[in-house]
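What follows is one structure encoded as structure tokens, with my remarks underneath.
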Amino acid sequence: MSARIERLVTSGTFSLDGGTWDVDNNVWLVGDDAQVYVIDPAHNPGAIKEAVGERTVKAVLLTHGHDDHIRFARDFADLVGAPVFMNPADQMLWEHIFPGTAPDATIADGDAFELAGTVLTALHTPGHSPGSTCFYAESLGTVFTGDTLFNGGPGATGRSYSDFPTIVASIKERLLTLPPETVVNTGHGDSTTIGAEAPGVLAAGQ
Numbered sequence: 298m299s300a301r302i303e304r305l306v307t308s309g310t311f312s313l314d315g316g317t318w319d320v321d322n323n324v325w326l327v328g329d330d331a332q333v334y335v336i337d338p339a340h341n342p343g344a345i346k347e348a349v350g351e352r353t354v355k356a357v358l359l360t361h362g363h364d365d366h367i368r369f370a371r372d373f374a375d376l377v378g379a380p381v382f383m384n385p386a387d388q389m390l391w392e393h394i395f396p397g398t399a400p401d402a403t404i405a406d407g408d409a410f411e412l413a414g415t416v417l418t419a420l421h422t423p424g425h426s427p428g429s430t431c432f433y434a435e436s437l438g439t440v441f442t443g444d445t446l447f448n449g450g451p452g453a454t455g456r457s458y459s460d461f462p463t464i465v466a467s468i469k470e471r472l473l474t475l476p477p478e479t480v481v482n483t484g485h486g487d488s489t490t491i492g493a494e495a496p497g498v499l500a501a502g503q
């Protein structure tokens, strides 16, 4: 038996560099009837807890440290009694929201998070932010890309701590090497596949 994937869309705001924008975020639950991992529990802790139900949350996994992804992560984690994991390269973004504190645990490239016979492998993909991390579930044919790769191309790199050549290199080296049929479950918007996004990313990197 393998894990299943559930998607919840929540709405709120994203703020950085003095601007604020309305956003819809994808919250991903990966698990079975007993346990789940929750990826990027944005905006609405109560609704996400309701989606989890009576299941145990093994951990909150953050793809990166932008405030729309992390602002309510601690509230949600406290509701369900789970630890929060994040790549420490985004610690400065965490401290914008939670000064003088840190997540409960760090994520490093290659870390494996196992549940229900399914392994989520952390792939460090800097560019959108220094600590941006994707989670690849090979047995499910899926990668959770946060804001690194969208339906339509690479994530935004026009704000602080982001870099376009770096994100293109990350996608080429860490994501386009996955099977082309791999489903890309994104931080915002519709899902896509590695094969569908490859031509645009390669063109962008010319």
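Using the numbering used here, the first residue of the sequence shown is number 298, and each one after it goes up by one.
The beta carbon of each residue, even a glycine, is placed where N, CA and C say it ideally should be.
Small disclaimer: the values here were computed from a predicted structure and weren't measured.
Reducing DSSP to helix, strand and coil, say where Phe373 ends up. Position 76 of the sequence shown holds residue 373. In this structure, Phe373 counts as helix in the three-state DSSP scheme.
What number of angstroms, rounded off, separates the C-alpha of Glu347 from the C-alpha of Thr360? Walking along the sequence shown from the start, residue 347 turns up at place 50. Walking along the sequence shown from the start, residue 360 turns up at place 63. Rounded to the nearest angstrom, the two C-alpha atoms are 22 angstroms apart.
Just curious, the beta strand (DSSP E) that Leu313 is in, first and last residue? Counting from 1 along the sequence shown, the entry for residue 313 is found at position 16. Element bounds for Leu313: Arg301 to Leu313.
Compute the Euclidean distance between the alpha carbons of His363 and Leu390, then round it to the nearest angstrom. By one-based count along the sequence shown, residue 363 stands at place 66. By one-based count along the sequence shown, residue 390 stands at place 93. About 6 angstroms.
Spatial neighbours of Leu412 in its chain, beta-carbon cut-off 8 angstroms, leaving aside the 5 residues before and after: Position 115 of the sequence shown, counting from 1, holds the residue named residue 412. Here the set comprises Ala300, Val327, Gly328, Asp329, Gln332, Val333, Tyr334 and Lys355.
Over what stretch of residues does the beta strand (DSSP E) that includes His421 continue unbroken? Position 124 of the sequence shown, counted from the start, is the residue given in the question as residue 421. His421 -> beta strand (DSSP E) spans Thr415 to His421.
Suppose you measure from the CA of Ser426 to the CA of Pro476; what does that come to, to the nearest Å? The sequence position of residue 426 within the sequence shown is 129, counting from 1. The sequence position of residue 476 within the sequence shown is 179, counting from 1. Answer to the nearest angstrom: the Cα atoms are 25 angstroms apart.
Over what stretch of residues does the beta strand (DSSP E) that includes Asp319 continue unbroken? In the sequence shown, the residue the question calls residue 319 occupies position 22. Asp319 -> beta strand (DSSP E) spans Gly316 to Gly328.
Which value, in whole angstroms, describes the spacing of the CA atoms of Tyr458 and Glu478? Working through the sequence shown from its first residue, we reach residue 458 at position 161. Working through the sequence shown from its first residue, we reach residue 478 at position 181. Straight-line Cα distance between these residues: approximately 31 angstroms.
Residue(s) in a DSSP beta bridge with Met383: Mapped onto the sequence shown, residue 383 falls at position 86. Per DSSP, Thr403.
Where Gly343 sits in the DSSP three-state scheme: Mapped onto the sequence shown, residue 343 falls at position 46. Here Gly343 sits in helix by DSSP.
Report buried or exposed for Ser467, applying the criterion of at least 16 other Cβ atoms within 10 angstroms of its Cβ. In the sequence shown, counting from the first residue as 1, residue 467 sits at position 170. The residue in question, Ser467, is buried, as its Cβ has 16 or more Cβ neighbours within 10 Å.
Gly350 versus Arg371: straight-line alpha-carbon distance, rounded: One-based indexing of the sequence shown puts residue 350 at position 53. One-based indexing of the sequence shown puts residue 371 at position 74. Cα-Cα distance, rounded: 18 angstroms.
If you drop the 5 nearest sequence neighbours on each side, which residues of the same chain put their C-beta closer than 7 angstroms to that of Glu303? Taking the first residue of the sequence shown as position 1, residue 303 is located at position 6. Around Glu303: Leu326 and Ala348.
Can you have a look at Pro496 and say buried or exposed, based on whether 16 or more other CB atoms are within 10 angstroms of its CB? Within the sequence shown, numbered from 1, the residue matching residue 496 stands at position 199. So Pro496 ends up on the exposed side.
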